[in-house]
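**Q**
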Amino acid sequence: MKPITKLLLILTFLIATSITVKAQDPTFTVNWNSYCEVQSHDSYYKVTWAFIYIPTSTPIVQGFSENLGLNLLSWSKSITNWDCNIDDYPLKYRLVVKVERYQDDDETITCSGEARSSELRCSDLYNGVTLTVNMTYP
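If you use our numbering, the sequence shown closes out at 958, no skipped numbers anywhere.
The structure is reproduced here in structure tokens:
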């Protein structure tokens, strides 16, 4: 086999492996319905989230989105810094999300809502979880 062919095969294998690994991260999607009037076109949404370990009510992994434009009504996240045991059978986890619409000052919340998942197995997180948040005036 020619050296260039070997190199191309190795590169193809590495790229395919990295794509496969990325596809195996726990993921979730948050959709929201805003039932509040937009008072400023400089407003934006933020999503705060946490995976909770139910037996101890401890957040295992948590984070938040960057500022999301008013034209968005959905946001997805892949968790790259956490590995749960995909073979876990017990229902041990819960996803909690909060969506807030901020005025342009990063302090005034004009619309918000939150949602929580039912109890989840680790494998449910790898299959993807979708939550819908109905937002109202705070």
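Note that beta-carbon positions come from the ideal geometry of N, C-alpha and C, so glycine has one too.
Quick check on the DSSP output: the alpha helix (DSSP H) that includes residue 851 runs from which residue to which?
**A** For the purposes of this step, residue 851 is identified with residue 31 of the sequence shown, where counting begins at 1. Premise fails: residue 851 lies in the beta strand (DSSP E), 847–854, not in any alpha helix (DSSP H).
**Q** Rounded to whole angstroms, what is the Cα-Cα separation between residue 924 and residue 854?
**A** By 1-based counting over the sequence shown, the position of residue 924 is 104. By 1-based counting over the sequence shown, the position of residue 854 is 34. Cα-Cα distance, rounded: 17 Å.
**Q** Please determine, among 861, 894, 898, 893, the residue with the shortest C-alpha to C-alpha distance to residue 883.
**A** Residue 883 sits at position 63 when you count from the first residue of the sequence shown. Of the listed residues, the one whose Cα sits closest to residue 883 is 898.
**Q** Contact between the region 900–908 and the region 856–870: three or more CB pairs below 8 Å?
**A** No, the region 900–908 is not in contact with the region 856–870.
**Q** Residue range of the alpha helix (DSSP H) that residue 942 falls in?
**A** In the sequence shown, residue 942 corresponds to position 122, counting from 1. Counting along the chain, the alpha helix (DSSP H) containing residue 942 begins and ends at 942–947.
**Q** Going by other Cβ atoms of all chains shown within 10 Å of its Cβ, with 16 needed for buried, is residue 872 buried or exposed?
**A** Residue 872 sits at position 52 when you count from the first residue of the sequence shown. Counting Cβ neighbours within 10 Å, residue 872 comes out buried, since at least 16 surround it.
**Q** Helix or strand or just coil, what does DSSP make of residue 954?
**A** Reading the sequence shown from its first residue, position 134 is the one you call residue 954. Strand at residue 954.
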